[in-house]
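Below is one structure; the comments refer to it alone.
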Amino acid sequence: MIYLEYLLLLFLIIAAVMAVYFEDEVISIIFLSVVSVILTTLYLLYQAADVALAEAVIGAGLNTAIYMSAISQIREKSK
Amino acid sequence: MKKFLVGLLFIGLAFLLLINFAELPEEKLITFSLSDYYIGFGLEQTGALNLVTAILYDYRGFDSLGESTVIFAAVSGIVLILSRKMLPVSSHGLSFIVKRTLGILTPFIALFSLYVITHGHLTPGGGFQGGVILAAISIIFSIVYGSAFDYKRYSPELKTTFETGGALVFIIIGGLGILFDGFFLDNLDFLTHSPGTLISAGSIPLINIGIGFKVGAGLAIVFYSMIQKTFGEEF
Chain P
1 MIYLEYLLLL FLIIAAVMAV YFEDEVISII FLSVVSVILT TLYLLYQAAD
51 VALAEAVIGA GLNTAIYMSA ISQIREKSK
Chain S
80 MKKFLVGLLF IGLAFLLLIN FAELPEEKLI TFSLSDYYIG FGLEQTGALN
130 LVTAILYDYR GFDSLGESTV IFAAVSGIVL ILSRKMLPVS SHGLSFIVKR
180 TLGILTPFIA LFSLYVITHG HLTPGGGFQG GVILAAISII FSIVYGSAFD
230 YKRYSPELKT TFETGGALVF IIIGGLGILF DGFFLDNLDF LTHSPGTLIS
280 AGSIPLINIG IGFKVGAGLA IVFYSMIQKT FGEEF
């Protein structure tokens with residue numbers, strides 16, 4: 001089980017670096033949602049089910065939708 | 080020169096913090112910490128099996144009131160800045176397959192959100208998490224069916240009513256605490272059944288329901304006022 005934790009932490013760092021690395025905003029938002037999913041699994045491993053539920057709903061669901069609508073508005077105005 | 084000054088400032092700040100933490104008392108002097116108190120007496124005093132909810136809505140209920148006030152202020156600010164025209168402009172939504180699939184899935188999402196809200200004192204979850212799942216239903220409607228559908232089914236007036244209603248439920252339950260027990264947001268003990276049943280833990284489930292509808296309606300209003308000019312001209 002300890003190896004699963006280290007593997008998830010490694011993937012968390014990789015996904016966070018990828019979210020900063022790409023210049024396209026949509027890819028960054030997708031990688032931020034991947035970060036949230038990995039964080040949810042980590043919280044479940046640490047037996048914090050309340051925080052895991054909040055992170056899954058807010059981080060992976062709500063943040064992605066709000067960021068996408070904001071990005072599409074900015075692109076429409078800059079054209 | 081400027082970088083040097085900023086670095087000097089940070090080094091001085093770190094030094095001061097180090098001195099400050101070095102003067103903390105030793106850890107072994109503290110024999111009975113606050114978390115031991117919550118774990119030991121939480122179930123007995125509040126009747127809630129989920130200790131996180133017991134702390135959030137009973138011991139620290141006033142903090143939760145402040146958090147919901149922050150959400151209310153954020154929603155008010157976003158609506159004040161972003162909503163210029165009240166008429167919804169919308170796309171036609173996604174394809175037929177996605178619409179039918181979500182038509183089947185949506186009742187289960189609503190049921191799960193209501194379960195998370197009402198069982199907040201028994202299982203992990205609570206008003207805030209369940210409320211965000213409720214808001215996700217409205218967001219799915221806006222994306223998949225187009226925001227005109229969302230406007231017809233759940234108009235902004237209905238969402239505003241739900242949000243203010245949830246906040247009023249919270250404050251009224253706090254006031255009832257003054258009336259029956261003498262303290263604001265005190266646990267209403269006469270509502271308690273045996274721990275582990277649905278109607279237990281005094282006023283915690285009622286506060287959960289109020290916060291759930293308030294958070295769900297508030298976040299739906301935020302997303303709606305952000306999206307209403309987004310999918311513009313093709314309608």
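Respectively, the protein sequence lines represent chains P and S. In terms of the working numbering, the first sequence opens at residue 1 and continues consecutively. In terms of the working numbering, the second sequence opens at residue 80 and continues consecutively. Where a beta carbon is used, it is the ideal one built from N, C-alpha and C, also for glycine.
Nearest-angstrom Cα separation, counted from residue j out to residue i
i	j	result
P/I71	S/F94	42 Å
S/K293	S/V85	44 Å
S/I250	S/T148	11 Å
S/S273	P/A54	28 Å
P/M68	S/G126	42 Å
P/L4	P/L45	9 Å
S/A152	S/L264	21 Å
S/F241	S/T197	16 Å
P/I66	P/I29	10 Å
S/D268	S/I183	41 Å
S/I160	S/R179	35 Å
P/M18	P/F31	7 Å
P/Q47	S/K82	44 Å
S/L92	S/E102	16 Å
S/G253	S/F120	22 Å
S/S143	S/K231	32 Å
S/A280	S/T185	30 Å
S/L97	S/I257	44 Å
S/D115	P/I2	27 Å
S/V301	S/L87	43 Å
S/I278	S/I188	23 Å
P/I27	S/N99	43 Å
S/V177	S/F191	20 Å
P/L8	S/Y233	40 Å
P/V20	P/L10	16 Å
S/R139	P/F22	42 Å
S/P203	S/F89	41 Å
S/S282	P/A16	41 Å
Selection from the options that minimises the alpha carbon distance to residue i
i	options	result
P/S33	P/Y3, P/A56, P/S69	P/A56
P/G59	S/T132, S/V158, S/I212, S/L135	S/I212
P/L12	P/A65, P/D24, P/Q47, P/Y43	P/Y43
S/Y136	S/I157, S/L285, S/T276, S/G297	S/L285
S/F228	S/G140, S/Y303, S/R139	S/Y303
S/F207	S/I134, S/G295, S/T271	S/G295
S/S221	S/V195, S/S114, S/L181, S/E242	S/L181
S/H200	S/I219, S/S234, S/A133	S/A133
S/A215	S/P203, S/L193, S/K231	S/L193
S/G205	S/G261, S/F259, S/I288	S/I288
S/E123	S/N266, S/A299, S/L277	S/N266
S/I219	P/Q73, P/R75, P/L62	P/L62
S/A299	S/T239, S/V195, S/I278	S/T239
P/I74	P/A15, P/I14, P/L8, P/E25	P/E25
P/T64	P/S36, P/L10, P/A52, P/D50	P/S36
S/V158	S/L190, S/E236, S/N99	S/E236
S/T243	S/V195, S/I150, S/T271, S/F175	S/I150
Coil, strand or helix - residue i by DSSP
i	result
S/T271	coil
S/T202	coil
S/Q323	It is not possible to answer for residue 323 of chain S, since the shown part of chain S is limited to 80 through 314.
S/T276	coil
P/V20	helix
P/A49	helix
P/M1	coil
S/A93	helix
P/M68	helix
S/L88	helix
S/S174	coil
S/D260	coil
S/D115	helix
S/D137	helix
S/A189	helix
S/D265	coil
P/Y6	helix
S/K238	helix
S/Y233	coil
S/M305	helix
Cβ distance (whole Å) where residue i is taken to contact residue j below 8 Å
i	j	result
S/G172	S/V248	Wrong, their Cβ atoms sit about 34 Å apart, outside the cutoff.
S/G275	S/L128	6 Å
S/S226	S/I306	6 Å
S/V154	S/G245	That belief does not hold up - the Cβ atoms of S/V154 and S/G245 are roughly 12 Å apart, past 8 Å.
P/A49	P/T40	That belief does not hold up - the Cβ atoms of P/A49 and P/T40 are roughly 10 Å apart, past 8 Å.
S/G291	S/G209	5 Å
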